[in-house]
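Engineer: The structure that follows is given in the form of structure tokens.
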Amino acid sequence: MQLKVKFFASLSEQIGFTDTTVDVDKPATVSDVWNLATGGQTMPVNTLCAINMAYARLDDSISNGDEIAFFPPVTGGNA
Amino acid sequence: MQLKVKFFASLSEQIGFTDTTVDVDKPATVSDVWNLATGGQTMPVNTLCAINMAYARLDDSISNGDEIAFFPPVTGGNA
Amino acid sequence: MTALLRGGVFDPWQELARIEAGLVKGKHGACASFVGTMRDFNVGDNVHSMSLEHYPEMTQQFLDNICTQAARRWNLIDCLIVHRYGEINPGDPIVLTAAWSAHRADAFDACRFLIEELKARAPFWKKELTDSGERWVHDTPGK
Amino acid sequence: MTALLRGGVFDPWQELARIEAGLVKGKHGACASFVGTMRDFNVGDNVHSMSLEHYPEMTQQFLDNICTQAARRWNLIDCLIVHRYGEINPGDPIVLTAAWSAHRADAFDACRFLIEELKARAPFWKKELTDSGERWVHDTPGK
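Quick look at the structure:
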């Protein structure tokens with residue numbers, strides 16, 4: 430199955446890109462997608478993830494066509 | 430001593446006037462001022478009072494030149 | 167710190183914009199504000215208009231005083247109260263409270279303190295004109 | 167209920183006036199609002215400007231979702247969120263949350279819920295330009 434993968438903010442700078450696509454041929458979790466998409470780079474602590482724009486957990490299962498996103502802790506506003 | 434006395438809202442309608450002046454010749458409290466100013470009318474329950482624009486109690490003592498006010502419970506805004 | 171009594175209609179958003187235009191840019195991270203507007207219903211009745219009586223010198227002192235208290239209790243850059251008196255129609259703003267601070271907790275808490283103190287103790291008395299005539303709100307059961 | 171993402175400067179008071187012009191007059195007694203503005207200091211450093219990255223579809227869904235949650239939890243007539251993204255300068259408004267209700271407790275609580283949820287979980291990431299260069303705020307000690 431094909432998945433879109435996105436990285437945001439400092440995480441995309443570390444990984445070196447913001448978007449990629451991965452192919453998975455067996456049941457997989459969000460963690461597996463990280464490993465495939467980054468070529469096995471270490472995931473920074475506190476990394477958050479989303480499946481189809483909803484917060485998810487690293488051990489959640491993914492489905493064909495999902496959009497998976499990885500990002501650092503959010504920091505809106507400053508008040 | 431001379432005192433200005435004011436009544437507000439429903440209380441002034443009941444008493445029949447909004448302002449008056451009273452003369453007191455001995456130590457007196459806010460209660461005494463009510464009796465002098467209204468000719469001994471019954472004070473409605475929940476009546477509030479102020480001495481010189483600050484909330485006061487009915488048994489507080491008054492001084493020459495004070496402005497004494499009587500009013501019903503306050504009802505600002507409606508939200 | 168500003169507390170204003172207004173005898174005519176005021177625009178709360180213009181009042182806020184005007185105060186903010188006078189603040190040093192970049193210092194306040196947070197502004198919390200509250201606007202109380204006249205409803206056309208109260209305690210089950212239609213209300214056509216109302217008249218808000220006040221005790222001018224005492225009311226002004228009271229509003230100034232709660233601004234001072236707020237500024238003592240929270241870390242504020244500025245605060246504002248605007249309050250109507252006189253004849254008021256449904257849809258008209260009656261009261262505006264606002265607080266500016268570096269951080270949002272101080273702004274929210276101070277803004278809410280101002281409106282709660284004002285409602286509980288500021289010398290205003292409201293007479294409503296309803297379908298069944300005039301009434302003082304402190305005489306209304308349930309209010 | 168309206169949640170807007172804005173790529174350029176917005177005027178919070180005009181946004182509030184615009185929403186209010188669309189409400190039926192006399193029904194809402196209370197409007198609580200909060201404006202978060204960019205400060206020129208943070209964690210002890212001067213901040214010259216910042217860049218706010220977001221995840222457009224997810225951010226929009228998140229903001230819509232907290233409006234829906236607020237409307238379920240409190241008795242609201244309307245609520246509004248406006249949030250900037252992109253390049254932001256000190257003094258610029260970053261975020262506006264507002265809630266209209268018949269009564270002030272619902273308006274205050276909903277307005278505060280919106281900003282607290284937004285700060286805690288909305289997908290925005292802030293990069294600051296300070297005296298010592300660029301930094302992601304989630305990498306700053308103490309933030």
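Protein chains in written order, with my numbering: chain A, 430 to 508; chain B, 430 to 508; chain C, 167 to 309; chain D, 167 to 309.
Even glycine gets a Cβ: it sits at the ideal position worked out from N, Cα and C.
Note that the coordinates shown come from a computational prediction; the quantities given were computed from them, not determined experimentally.
1) Determine the chain A residues that contact Ala-288(D) at a beta-carbon separation under 8 Å, and present them in chain order.
2) Does the segment 188-197 of chain D touch the segment 267-286 of chain D, meaning 3 or more C-beta pairs lie closer than 8 Å?
3) Taking Leu-182(C) as part of the beta strand (DSSP E), name the residues at either end of that continuous run.
4) Mind checking Ser-163(D): buried by the 16 CB within 10 Å criterion, or exposed?
5) Could you tell me the distance, in whole angstroms, from the CA atom of Trp-240(C) to the CA atom of Asp-230(D)?
6) Give every residue of the same chain whose Cβ lies closer than 8 Å to the Cβ of Tyr-484(A), excluding the five residues on either side of it in the sequence, and list them in chain order.
7) With a threshold of 16 other CB atoms inside 10 Å of the CB of Ser-439(A), please say whether the residue is buried or exposed.
8) Below 8 Å on the Cβ atoms is my guess for Ile-254(D) versus Met-216(D); work out the distance and round it to an integer in Å.
9) Per DSSP, what are the beta-bridge partners of Asn-212(C) in this structure?
10) Just tell me which of Ser-298(C), Cys-245(C), Gly-257(C), Gly-252(C) has its CA closest to the CA of Ile-185(C).
11) Rounded to the nearest angstrom, what separates Leu-432(A) and Ile-444(A) at their Cα positions?
12) Work out the CA separation of Arg-486(B) and Val-503(A) for me, nearest whole Å.
13) Determine the burial state of Lys-435(B): buried for a count of at least 16 other Cβ atoms within 10 Å of its Cβ, exposed for fewer.
14) Step through the CB atoms of chain C and report whether any lies within less than 8 Å of the CB of Asp-244(D).
15) So, is the C-beta of Ser-199(D) closer than 8 Å to a C-beta in chain C?
16) Using a Cβ cut-off of 7 Å, which residues of the segment 463-497 of chain A contact any Cβ in chain D, in chain order?
17) Run down chain D in chain order and give the residues with a C-beta less than 9 Å from the C-beta of Ala-276(C).
18) Contact criterion: CB-CB distance below 8 Å. Does Trp-302(C) meet it with respect to chain D?
19) Measure how close the beta-carbons of Asp-489(B) and Thr-458(B) come, nearest whole angstrom, since I'm counting them as under 8 Å.
20) Are there 16 or more other CB atoms within 10 angstroms of the CB of Lys-455(A), so buried, or fewer, so exposed?
21) Helix, strand or coil, according to DSSP, for Thr-504(A) in the structure here?
22) Using a C-beta to C-beta distance shorter than 7 Å, which residues of chain B count as neighbours of Gln-235(C)?
Structural biologist: In brief:
1) Chain A residues near Ala-288(D): Val-503, Gly-505.
2) The segment 267-286 of chain D, when compared against the segment 188-197 of chain D, does touch it at the 8 Å Cβ threshold.
3) Run containing Leu-182(C): none in the beta strand (DSSP E); it sits in the alpha helix (DSSP H), 178-187.
4) Any question about residue 163(D) goes unanswered here, given that chain D covers just 167 to 309.
5) Cα to Cα, the separation comes out at about 32 Å.
6) Closer than 8 Å at Cβ, skipping near neighbours: Leu-477, Cys-478.
7) Answer is buried; the Cβ neighbour count reaches 16.
8) With a contact defined as Cβ atoms closer than 8 Å, Ile-254(D) and Met-216(D) qualify at about 5 Å.
9) Paired residues: Phe-207(C).
10) Distances from the CA of Ile-185(C) to each of Ser-298(C), Cys-245(C), Gly-257(C), Gly-252(C) were compared; the closest alpha carbon is that of Cys-245(C).
11) Their backbone Cα atoms lie some 18 Å apart in a straight line.
12) The straight-line gap from Cα to Cα measures roughly 54 Å.
13) Burial check for Lys-435(B): the Cβ neighbour count within 10 Å reaches 16 or more, so the residue is buried.
14) It does not: the Cβ of Asp-244(D) has no partner Cβ on chain C nearer than 8 Å.
15) It does; some Cβ of chain C falls within 8 Å.
16) So the close ones are Ala-479, Met-482.
17) By Cβ distance, chain D contributes nothing, its closest Cβ being about 12 Å from Ala-276(C), past 9 Å.
18) Chain D, which has no Cβ nearer than 8 Å to the Cβ of Trp-302(C), makes this no.
19) With a Cβ gap of about 6 Å, Asp-489(B) and Thr-458(B) count as contacting.
20) By the neighbour-count rule (16 or more Cβ atoms within 10 Å), Lys-455(A) is not buried but exposed.
21) Looking at Thr-504(A) - three-state DSSP - the assignment turns out to be coil, as it is neither helix nor strand.
22) What Gln-235(C) touches in chain B: nothing, since even the nearest Cβ is about 14 Å away.
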